[in-house]
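J.: Those letters in the sequence shown? Residues 25 to 405, by the working numbering.
Glycine is no exception: its CB is placed at the ideal position from the N, C-alpha and C atoms.
Pasting a structure here, questions to come.
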Amino acid sequence: MTHRLIEQFRRRHGVQPAVSRAPGRVNLIGEHTDYNGGFVMPAALEFATWAAAAPRPNRSLCIHSTLNDDEVTVDLDHLPARRGHWSDYVIGVAVMLQRAGYSLCGTNLMISSTVPVGSGLSSSAALEVATGHALVHAAGGKIDPVALAKIGQQAENDFVGMRCGIMDQYISACGREGAALLIDCRSLAARPVTVPDRAALVVIDSKVRHQHAGGEYNLRRQACEEGVARLLPVLPGISQLRDVSVTDLERHGGLLPDMIFRRCRHIVTENQRVLDGETALNRGDGAAFGQLMRQSHSSMRDDFEITCAEVDLLADLANAEACCHGARMTGGGFGGCVVALVAAHEAEGFMNRVTTAYAERTGLKPMAFACHPGPGVGLVS
Ligand code: ADP
Ligand code: MG
Numbered sequence: 025m026t027h028r029l030i031e032q033f034r035r036r037h038g039v040q041p042a043v044s045r046a047p048g049r050v051n052l053i054g055e056h057t058d059y060n061g062g063f064v065m066p067a068a069l070e071f072a073t074w075a076a077a078a079p080r081p082n083r084s085l086c087i088h089s090t091l092n093d094d095e096v097t098v099d100l101d102h103l104p105a106r107r108g109h110w111s112d113y114v115i116g117v118a119v120m121l122q123r124a125g126y127s128l129c130g131t132n133l134m135i136s137s138t139v140p141v142g143s144g145l146s147s148s149a150a151l152e153v154a155t156g157h158a159l160v161h162a163a164g165g166k167i168d169p170v171a172l173a174k175i176g177q178q179a180e181n182d183f184v185g186m187r188c189g190i191m192d193q194y195i196s197a198c199g200r201e202g203a204a205l206l207i208d209c210r211s212l213a214a215r216p217v218t219v220p221d222r223a224a225l226v227v228i229d230s231k232v233r234h235q236h237a238g239g240e241y242n243l244r245r246q247a248c249e250e251g252v253a254r255l256l257p258v259l260p261g262i263s264q265l266r267d268v269s270v271t272d273l274e275r276h277g278g279l280l281p282d283m284i285f286r287r288c289r290h291i292v293t294e295n296q297r298v299l300d301g302e303t304a305l306n307r308g309d310g311a312a313f314g315q316l317m318r319q320s321h322s323s324m325r326d327d328f329e330i331t332c333a334e335v336d337l338l339a340d341l342a343n344a345e346a347c348c349h350g351a352r353m354t355g356g357g358f359g360g361c362v363v364a365l366v367a368a369h370e371a372e373g374f375m376n377r378v379t380t381a382y383a384e385r386t387g388l389k390p391m392a393f394a395c396h397p398g399p400g401v402g403l404v405s
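Shown next as structure tokens:
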């Protein structure tokens, strides 16, 4: 991938670029908890986005994606507002970098990616983190990975208009080879968690993505904020659902309309599942972790209502396999992927059986792969 991208860059711009690589991610457990100040457990994937970059003589930014062979050129000193175009993600990153005081220079950027787009494996964060890293390095600067993650999130929140939490950008910037990270999305501290040797992480893409996903995502966020506002009189001092315990919610849930109660119950119980999941993995207990994954899926389906028929079917097919400790939808929802923890020596057969059954039932062609957690953003040689 890197070699082809460098060749293409040299043909287009006549100079040798530096190449930044940022991975996509899979979240093992902890969905929609990040923007509630809670806990998540993602791992960086081998699938990644590469941004080749070299300075150019004027103050413009030329952005090319090999995905659609599309190119846009903008003026760094007069960056345009959001246009509803894929380049918004990159322009948003440039806006936020300059706003945070990073001095950028005119840059040619060429982007290529192996992260499936729109599948919930976070091609958008990989794009933001790779291009942010490339822009800072092209200008001769350096950026701390957590600072880079925040820039990417700001770009997506305030420029693209998607009110996502910090998880995707954080893991793309700070991922660890061989480990998932338990991230405290309030303090932004993280610690590695490893999957037992005898278990494999399998991801299956349902190949379904519902149109309204972005709008529904923002609505879920609003419902969580409403829950906090309604609980505040009886739980003074809370600022996010992170501050509400399962017992708090049981005691005061009557103050909430049913829909808001269920949204809050997902977040509050999901936070606890992430912490319990860490304990289970740390004692090598794949079966206990799998049980939490199953509970997480039911909670997303019944309480948070972010799954869909196809993803529910895929999770059910996976969970019905004897070798599967547990499976759940991963990512923002309304389609996308399922992640499963399965006995390692059975992973190949598991993928074949589940994808075949899913294809027979839906007529869709799912894609499955076993993943090995990789590192976060960096320059590639
Ligand atoms: P996800 O992050 O789950 O893949 P999103 O809807 O958040 O899905 O982001 C996908 C969008 O990001 C695409 O529609 C496109 O605008 C942009 N994008 C991601 N990767 C690339 C790429 N390599 N080239 C151009 N645009 C990209
Ligand atoms: Mg995304």
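If you compare alpha carbons, which of GLU334, GLU55, THR26 is closest to TYR241?
T.: GLU55
J.: When every heavy atom of ligand 1 is checked, does at least one fall within less than 7 Å of the C-beta of ILE207?
T.: No, the beta carbon of ILE207 sits no closer than 7 Å to any heavy atom of ligand 1.
J.: For GLY38, which of LEU29, THR57, ASP208 has the nearest alpha-carbon?
T.: LEU29
J.: Is there a Cβ of chain B sitting closer than 8 Å to that of SER44, yes or no?
T.: Of the protein chains in the structure, only one exists, and it is not chain B.
J.: By the 10 Å Cβ neighbour count, where 16 or more other Cβ atoms means buried, how is ASP112 classified, buried or exposed?
T.: That one is buried.
J.: Count the other C-beta atoms from every protein chain shown that fall within 10 angstroms of the C-beta of GLU180, then say buried if there are 16 or more, exposed otherwise.
T.: Residue burial annotation: GLU180 is buried, with at least 16 other C-beta atoms found within 10 angstroms of its C-beta.
J.: For LYS389, does the count of other Cβ atoms within 10 angstroms reach 16, so buried, or fall short, so exposed?
T.: exposed
J.: Compare the Cα-Cα distances from ILE190 to each of ARG286, THR380, PRO169 and report the closest residue.
T.: PRO169
J.: Looking only at C-alpha atoms, which of GLN235, ARG289, GLN40, ASP229 sits nearest to LEU255?
T.: LEU255 has its Cα closest to that of ARG289, out of GLN235, ARG289, GLN40, ASP229.
J.: Assess, as a yes-or-no matter, whether the stretch 318 to 336 is touched by the stretch 353 to 366 under the definition of 3 or more beta carbon pairs within less than 8 Å.
T.: yes
J.: I want to check one thing, is the minimum distance from the CB of ASP94 to the heavy atoms of ligand 2 below 7 Å?
T.: Of the heavy atoms belonging to ligand 2, none sits nearer than 7 Å to the Cβ of ASP94.
J.: Report the rounded CA-to-CA distance for THR138 versus ASP58, giving the unit in angstroms.
T.: 25 Å
J.: Using only alpha-carbon positions, find the residue among ARG377, ASN295, VAL335, ALA346 that is nearest to MET65.
T.: That would be ASN295, whose Cα lies nearest to the Cα of MET65.
J.: Helix or strand or just coil, what does DSSP make of PHE374?
T.: helix
J.: If I measure Cβ to Cβ from ALA162 and keep anything under 6 Å in the same chain, skipping five residues before and after, which residues do I get?
T.: Same-chain partners within the cutoff: ALA77, PRO79, THR131.
J.: Assuming ARG318 contacts ASP336 (C-beta within less than 8 Å), just tell me the rounded distance between them.
T.: Contact doesn't hold; Cβ gap of about 12 Å is too wide.
J.: Quickly, what does DSSP pair ARG200 with across the bridge? List them, please.
T.: ALA203
J.: Name the two residues that bound the continuous beta strand (DSSP E) containing CYS209.
T.: Where CYS209 is concerned, there is no enclosing beta strand (DSSP E), given that its DSSP letter is neither H nor E.
J.: Determine which residues share a DSSP beta bridge with LEU403 and list them.
T.: SER44
J.: Does DSSP put ASN132 in a helix, a strand or coil?
T.: In the three-state scheme derived from DSSP, where H, G and I count as helix and E and B as strand, ASN132 is classed as strand.
J.: Measure the CB-CB distance between GLY238 and ALA150 and report whether it falls below 8 Å.
T.: Not closer than 8 Å, so no.
J.: Looking at LEU403: is its Cβ nearer than 8 Å to the Cβ of VAL43?
T.: It is a contact, given that the beta carbons lie within the stated cut-off.
J.: In whole angstroms, what is the alpha-carbon distance linking ALA247 and PRO41?
T.: Cα to Cα, the separation comes out at about 45 Å.
J.: Please indicate yes or no: does the CB of THR73 lie closer than 7 Å to some heavy atom of ligand 4?
T.: Annotation note on ligand 4: not contained in the displayed structure, which lists ligand 1 and ligand 2 as its ligands.
J.: Going by C-alpha to C-alpha distance, which of LEU52, HIS396, GLY61 sits closest to ALA213?
T.: GLY61
J.: Helix, strand or coil: how does DSSP classify CYS395 here?
T.: strand
J.: Let me check understanding here. Comparing Cα to Cα, which of MET120, HIS157, VAL232, GLY156 lies closest to GLY142?
T.: VAL232
J.: Is LEU145 near ligand 1, going by C-beta to nearest heavy atom under 7 Å?
T.: yes
J.: If you draw a straight line from the alpha carbon of ALA339 to that of VAL362, how long is it in whole angstroms?
T.: 6 Å
J.: Based on the DSSP secondary-structure assignment, which residues constitute the bridge partners of SER263?
T.: According to DSSP, which records beta bridges pairwise, SER263 is partnered with nothing at all.
J.: Could you please give me the residues that DSSP links to ILE87 through a beta bridge?
T.: VAL96, LEU133
J.: Using 10 angstroms around the beta-carbon of THR73, count the other beta-carbons present and answer buried if the total reaches 16, otherwise exposed.
T.: Its Cβ being crowded by 16 or more others within 10 Å, THR73 is buried.
J.: Could you tell me if ALA158 is buried or exposed, where buried requires 16 or more neighbouring beta carbons within 10 angstroms of its beta carbon?
T.: buried
J.: Could you pull the DSSP bridge partners for ASN51 from this structure?
T.: PRO66
J.: Quick check: the Cα distance between PHE313 and CYS209, rounded to an integer number of angstroms?
T.: 21 Å
J.: How about THR379 and ALA392: do their beta carbons lie closer than 8 Å?
T.: yes
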